[in-house]
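Structure, as structure tokens:
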Amino acid sequence: VAALALCSCQLGYLAETAYYQAKLMRQRVPLKYALENYKLKENERKKIRLAIELREFMKADLSLKVKSNFSRYVHLDRDYVTYAVNAAPKNQLKQYLWNFPIIGSVPYKGYFKKQSALDEVDNLKKQDLDVYMRGVSAYSTLGWFEDPLLSSMLRMQEHQYVNTLIHETVHTNLYIKSHSKFNERVASFLGQLGAEAYYEKTNRSEELKKIVSEETHDELLFSKFITHETTTLRKWYEKNKTNQNILVDRQSEFEKIKNKFAQEVLPKMKTKNYQWFMKRDLNNAFLLLMELYNSDFSSFNIIANNNNRDFGKVFKLMKKL
Numbered sequence: 012v013a014a015l016a017l018c019s020c021q022l023g024y025l026a027e028t029a030y031y032q033a034k035l036m037r038q039r040v041p042l043k044y045a046l047e048n049y050k051l052k053e054n055e056r057k058k059i060r061l062a063i064e065l066r067e068f069m070k071a072d073l074s075l076k077v078k079s080n081f082s083r084y085v086h087l088d089r090d091y092v093t094y095a096v097n098a099a100p101k102n103q104l105k106q107y108l109w110n111f112p113i114i115g116s117v118p119y120k121g122y123f124k125k126q127s128a129l130d131e132v133d134n135l136k137k138q139d140l141d142v143y144m145r146g147v148s149a150y151s152t153l154g155w156f157e158d159p160l161l162s163s164m165l166r167m168q169e170h171q172y173v174n175t176l177i178h179e180t181v182h183t184n185l186y187i188k189s190h191s192k193f194n195e196r197v198a199s200f201l202g203q204l205g206a207e208a209y210y211e212k213t214n215r216s217e218e219l220k221k222i223v224s225e226e227t228h229d230e231l232l233f234s235k236f237i238t239h240e241t242t243t244l245r246k247w248y249e250k251n252k253t254n255q256n257i258l259v260d261r262q263s264e265f266e267k268i269k270n271k272f273a274q275e276v277l278p279k280m281k282t283k284n285y286q287w288f289m290k291r292d293l294n295n296a297f298l299l300l301m302e303l304y305n306s307d308f309s310s311f312n313i314i315a316n317n318n319n320r321d322f323g324k325v326f327k328l329m330k331k332l
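Per the numbering used here, the very first residue in the sequence shown carries number 12; after that it's consecutive.
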């Protein structure tokens, strides 16, 4: 009640979110029950059994507090659990922020109902902002509630699924209020590092270990690229802040980014994971989202290499940071 009183302008949103979060929690069933009673495809059953194994791995080998997360399952009637919206001014590379109790300022807003997210997109566009909306397959309640395994997560490729479970668990172990960029960078990097550790220990297959290694390579390459390009574009906006044609001229800057990616970055990649970047219509909101999750991981990678890529040691250093 006190939290609601502090943010009366968000009352409707908070009430709707609370309702759907509670509804989601009521739908949870034990993983064993889901395996025995739900009509699931074999690859879905495999992922649920893998979640049981990963919970133990994260506790024993990664020293993460897993609590009851991913111990129960929710079957959704839609492709995504939520829809997230982020925005930015059109004439500068600066995140539009929302303020909430407990978590502080964040550069995105999530909705359980797609129409509610679309309404928010329309509202933000009326404010002459760049907007980007995406479907979300998994999210963390940061340890405040038990996060269930979701049917939307079971569609992922196995190694991405492993990465995601570790990513979301990192959020419940390390979250700094109003520092979304740091939180997401740490979770993204440790998700990949944890996946490496899992496949090294289990010897699932040389092919899977090779995939994770190649994805780590491409993730570092993309993070370096997107960090350089957003830094350059931020300077360009500052230099052109009095330019009357800035909204027209910025289109050529967006094309330069895509061309550089196609010519200098894509040929060096070992996977096809980032080919989608060429198909996106760029705007400030989208680029800032890429920066949020993918800012240069080089320093993190140095820390990992200097500690024999030991997840536990790296995680302790991240907490010190």
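For glycine and all other residues, C-beta sits at the position ideal for the given N, C-alpha and C.
Just so you know, these numbers come straight off a predicted model, no measurement behind them.
Q) Nearest to Phe200 by CA position, among Ser189, Leu232, Phe272, Thr213, is which residue? A) Leu232
Q) Helix, strand or coil: which one does DSSP assign to Gly323? A) helix
Q) Under a three-way DSSP split, which group does Pro278 fall into? A) helix
Q. Where Asn184 and Ser309 are concerned, what is the direct C-alpha to C-alpha distance, given to the nearest angstrom?
A. 23 Å
**Q.** Backbone secondary structure at Val173 - three-state DSSP
**A.** helix
Q.
Between the segment 57 to 77 and the segment 170 to 190, can you find at least three pairs of beta-carbon atoms closer than 8 Å?
A. yes
Q.
Can you confirm whether the segment 92 to 99 touches the segment 291 to 305 when touching is taken to mean that 3 or more C-beta pairs between the two stretches lie within less than 8 Å?
A. yes
Q.
I'd like to know if the segment 278 to 288 and the segment 244 to 261 are in contact, where contact means that at least 3 CB-CB pairs between them fall below 8 Å.
A. no
Q. The alpha helix (DSSP H) with Lys246 in it runs from where to where?
A. 217 to 250
**Q.** Contacting residues, own chain, Cβ-Cβ under 8 Å from Lys324 (five flanking each side not counted)
**A.** Asn318
Q) Given a threshold of 16 other Cβ atoms within 10 Å of its Cβ, counted over all protein chains shown, does Tyr106 qualify as buried or as exposed? A) Looking at the sequence itself, residue 106 is Gln, so the reference to Tyr does not match. Buried is the call here.
Q) Quick one: is Gly23 buried, meaning 16 or more other Cβ sit within 10 Å of its Cβ, or exposed? A) exposed
Q | Exposure of Met289, with buried meaning 16 or more beta-carbon neighbours within 10 Å | A | exposed
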